[in-house]
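Okay, structure first, notes after.
Protein chains: 2
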Amino acid sequence: MSLTIGQVAQQAGIGIETVRFYERQGLIPEPPRTESGYRQYPERIVDPLRFIKRAQQLGFTLKEVAELLHLRVVPGMRCSDVKVRAQAKITEIEAKIKDLQRMQVALKKLAQACTGRGPTAECPILEALQLGQERTC
Amino acid sequence: MSLTIGQVAQQAGIGIETVRFYERQGLIPEPPRTESGYRQYPERIVDPLRFIKRAQQLGFTLKEVAELLHLRVVPGMRCSDVKVRAQAKITEIEAKIKDLQRMQVALKKLAQACTGRGPTAECPILEALQLGQERTC
DNA sequence: CTTGACACCGTAGTATGGTACAGGGTGCAT
DNA sequence: ATGCACCCTGTACCATACTACGGTGTCAAG
Chain R
45 MSLTIGQVAQ QAGIGIETVR FYERQGLIPE PPRTESGYRQ YPERIVDPLR FIKRAQQLGF
105 TLKEVAELLH LRVVPGMRCS DVKVRAQAKI TEIEAKIKDL QRMQVALKKL AQACTGRGPT
165 AECPILEALQ LGQERTC
Chain B
45 MSLTIGQVAQ QAGIGIETVR FYERQGLIPE PPRTESGYRQ YPERIVDPLR FIKRAQQLGF
105 TLKEVAELLH LRVVPGMRCS DVKVRAQAKI TEIEAKIKDL QRMQVALKKL AQACTGRGPT
165 AECPILEALQ LGQERTC
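In the order they appear, the protein sequences are chains R and B. Numbered per our numbering, the first sequence spans residues 45 to 181. Numbered per our numbering, the second sequence spans residues 45 to 181.
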């Protein structure tokens, strides 16, 4: 049994217009239609839709998401190409993780240094973040 | 010695207009001015500017960055408040790291499964990513 | 003392990522 | 057979985050 666009939107937690927007942008394939023109989605369509949302929250643009999603679609593309691209993304993700970890370490250190007493001015929670390297606190 | 807006922009790797934009948005404080109205920046201004850039690449909006940057500025705010907010951000960052790690694991697994031979259609590199959980490959 | 690079301000335009109609057709339940 | 919820297309509008422009003032080197 296939899903209507409304069911898809609801399950993915996005709006109907957004689903159509992603289709126009080439992020998801055009689904088959009924005689009357209604889109008929397979259930698995919700996976890429959820993925798009997650990836955006991690700082990837729709264009970047599309790049990923296109790797397996384009015919005639060699698997080795895909591998190269995957590797590039892995490196990029590595860098993001490291940045986030640095932010986290800085926040943790300074939250600890924070006694819970005194005004904020005495708690330079962001001095460390501003550098990307921790300063002494 | 203080910096002009042009020097700041160059050192931070952004445009002059962007520096002024961030000032209007309250992301960086209004600097002192010369008699003639020129902005005079301390050297450390480049740190928050670089931080803004990095944080954006990690999926934080300018509003969220501003929230972080404001924690230490507002007078009369208690350190415990700051601590609570810091904790919330730590949790948020934790979730982002986990998502990225999941993406990375999936990409690595599938890059390995990719022999480097055969067309992309045989290499479902994104089946796993689309779920957020790995499928058998 | 002028000329060229840079600064000022305000306003407007652009790109991205949606979101909201308007004006119409569909499908099914009563 | 007629609502009513849902779908269709197309266009227009919105928020975010810049980016460019016009008109003017400043400063320092020649």
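Backbone N, C-alpha and C define an ideal beta-carbon position, used for all residues, glycine too.
Query	Result
Chain R contact residues for LEU144(B), given Cβ-Cβ distances below 9 Å	LEU102, ILE137, GLU138, LYS140, ILE141 and LEU144
Beta-carbon proximity check, ILE72(B) vs GLN145(R), cutoff 8 Å	no
Continuous alpha helix (DSSP H) stretch holding TYR66(B): start and end	60-68
Bounding residues of the alpha helix (DSSP H) (the contiguous stretch that carries PRO92(B))	90-101
Rounded Cβ spacing between PRO75(B) and TYR66(B) (contact assumed at less than 8 Å)	That pair is no contact at about 12 Å.
Closest residue to ARG88(B) among GLU79(B), GLN55(B) and GLU136(B) (Cα-Cα distance)	GLN55(B)
The stretch 98-106 of chain R touching the stretch 92-107 of chain B, judged by at least three CB pairs closer than 8 Å	yes
Of the listed residues LEU115(B), THR62(B) and LYS107(B), nearest to VAL90(B) (C-alpha basis)	THR62(B)
is_contact[ALA155(R), chain B] using C-beta, thresh 8 Å	yes
Straight-line Cα distance separating LEU106(R) from ARG68(R)	12 Å
Backbone secondary structure at LEU47(R) - three-state DSSP	strand
Beta-carbon spacing of LEU113(R), ILE58(R) below 8 Å	no
8 Å CB neighbourhood of GLY70(R) in its chain, flanking five on each side removed	ALA110 and HIS114
Under 7 Å by beta carbon: chain B residues contacting LEU215(R)	The first residue shown for chain R is 45 and the last is 181, placing residue 215(R) beyond what the model contains.
8 Å Cβ cutoff, LYS107(B) in contact with chain R	no
Test item: CB-CB of THR48(R) and TYR82(R) under 8 Å	yes
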